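Going by the working numbering, the letters in the sequence shown line up with residues 9 to 352, in that order.
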Amino acid sequence: MSLYKLITSYNYLLLIKYIQLMQQEIQNMSQKDSGVITLAYGIPKYVEMAKTLARSLRLHSPNIPRAIVTDNQDDRELMELFDDIIPLRKEYGSNLRQKLHLDKYSPYEKTVYIDSDCIAVREINFFFELLKDRNFSVPGENLLKPGHKDSFIDVDFVLTHFGLEALPQFNGGLFYFNKNETANLVFDTARDILNDWKKLGFSEWRSDGPNDERIFAIAMTLHKETMFQDKGQMMCTPIGLKGHFDIDVFTGKSTFQKYDKVVSPAIVHFACVWGEHPVYSREVLKLKNISSGKENNIESGILSAIKYRFGYQIAFVRYLVYRVPKKPKYFISMAKRIWKKVFS
9 MSLYKLITSY NYLLLIKYIQ LMQQEIQNMS QKDSGVITLA YGIPKYVEMA KTLARSLRLH
69 SPNIPRAIVT DNQDDRELME LFDDIIPLRK EYGSNLRQKL HLDKYSPYEK TVYIDSDCIA
129 VREINFFFEL LKDRNFSVPG ENLLKPGHKD SFIDVDFVLT HFGLEALPQF NGGLFYFNKN
189 ETANLVFDTA RDILNDWKKL GFSEWRSDGP NDERIFAIAM TLHKETMFQD KGQMMCTPIG
249 LKGHFDIDVF TGKSTFQKYD KVVSPAIVHF ACVWGEHPVY SREVLKLKNI SSGKENNIES
309 GILSAIKYRF GYQIAFVRYL VYRVPKKPKY FISMAKRIWK KVFS
């Protein structure tokens, strides 16, 4: 081969390599433009749940940056699992009030918020693609209309007060927002509603402030933002489960019947009692083992079969044992509400 051809060939290879590097850099820039954020502070249990969420996201969507708002900034595991550790600002308030300030926390142009008690069982890059033209949105399809009853608000009063025909009804474990004027207005309006929640007749959620889902529902509707009908592909809780709870974080299996529909979400939200379910504990252990390089041996035998057969009952007892001593007033008021519904 002549010297000229050798130099030309070498330059060509350099050019190809340069183009590949530029493409990778552009891809990285676009990835940093989008990210996932979660909240975990106060009770150590929530921080551990956030670690599980991060492990699952790292397994299935390692290219998506992860951020956490926490008061545990010095936790080494959090530093390893999250790209951005954001200090909690206590002046924003307690409990769910913090979610109403996520626009101020997020370092990303396009953000997917995920509750810490969730697990990703598949990749979630498609979330950003499906929601890219939205300003603020949540997965869901149900509406609260005149005459409907709700645990958190007087539906008729709220609709009349704000001049609305209906409100979106959804689980707030996942939502999407952009850094733009419309999304900012949704958050600003949500914070205004928060200031008047008692005057608007909102019920307390776990004895500490209003339910964020209804606040966001009002703010969204006032700014013409709507739900995204994901058909159970993005995020679902097992609340309303019928039959088997078929979940496997390694194989991507996530199919179960929720009320009258079969869903297959990429994110399973182990809300409320479900965070104490043996299936959640099993998937947490799997993710811990893969992070530490240990083998994953699924339990088998009679005791294991019994544990998963009566998983909800076990979870409910665990939930009561864990929660009641911490918030007795909440559970007493909840028991009174149930008593009235059953016997009045």
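Just so it is clear, CB atoms sit at the ideal spot from N, CA and C, and this is done for glycine as well.
It should be emphasised that the depicted structure is a prediction, and the values quoted were computed from it without experimental measurement.
Per DSSP, the bridge partner or partners of residue i
| i | result |
| --- | --- |
| L151 | P176 |
| V276 | I127 and C244 |
| T119 | G43 and F185 |
| S145 | Y184 |
| K250 | Q265 |
| V271 | F264 |
Straight-line Cα distance separating residue j from residue i
| i | j | result |
| --- | --- | --- |
| E131 | G155 | 40 Å |
| I45 | H285 | 24 Å |
| K153 | E221 | 16 Å |
| L61 | P246 | 17 Å |
| H231 | V120 | 19 Å |
| D41 | V257 | 27 Å |
| E212 | S102 | 13 Å |
| V271 | F253 | 11 Å |
| K349 | V163 | Note that K349 scores a pLDDT of 47, beneath 50, so its modelled location is shaky and nothing firm can be said. |
| S38 | L328 | Because the pLDDT of S38 is 45, which lies under 50, any placement of that residue in the model is unreliable, and the number read from its coordinates should be weighed accordingly. Cα-Cα distance, rounded: 44 Å. |
| T259 | V129 | 8 Å |
| L175 | F324 | 31 Å |
| D158 | N219 | 11 Å |
| Y54 | F278 | 12 Å |
| Y288 | M87 | 23 Å |
| F185 | Q177 | 18 Å |
Residue i, DSSP secondary structure in three states
| i | result |
| --- | --- |
| Y320 | helix |
| T263 | strand |
| I310 | Unreliable placement is indicated for I310, whose pLDDT of 42 sits below 50; no coordinate value is reported for it. |
| V257 | coil |
| F236 | strand |
| L193 | helix |
| R214 | coil |
Of the listed residues the options, nearest to residue i (C-alpha basis)
| i | options | result |
| --- | --- | --- |
| R142 | M228, G240 and I45 | M228 |
| L293 | R63, A48 and H169 | R63 |
| F183 | E85, R214 and M243 | M243 |
| E291 | D125, R214 and D158 | D125 |
| N233 | F90, L139, L67 and H68 | First, the residue type needs correcting, since residue 233 is Glu and not Asn in the sequence shown. Checked all of F90, L139, L67 and H68; the closest Cα to E233 is L139. |
| G181 | A48, F324, Y320 and V325 | A48 |
| K112 | D196, Q237 and D158 | D196 |
| R97 | P73, I298, G283 and H109 | H109 |
| A191 | E117, T263 and D123 | E117 |
| I298 | L65, I51, W282 and G43 | L65 |
| D83 | P70, I226 and I93 | I93 |
| H169 | E189, K207, F90 and I255 | K207 |
Which parts of the region 39 to 95 are runs of the beta strand (DSSP E), unbroken and 3 residues or longer, counting only runs that do not cross its ends?
42 to 48, 74 to 78 and 92 to 95
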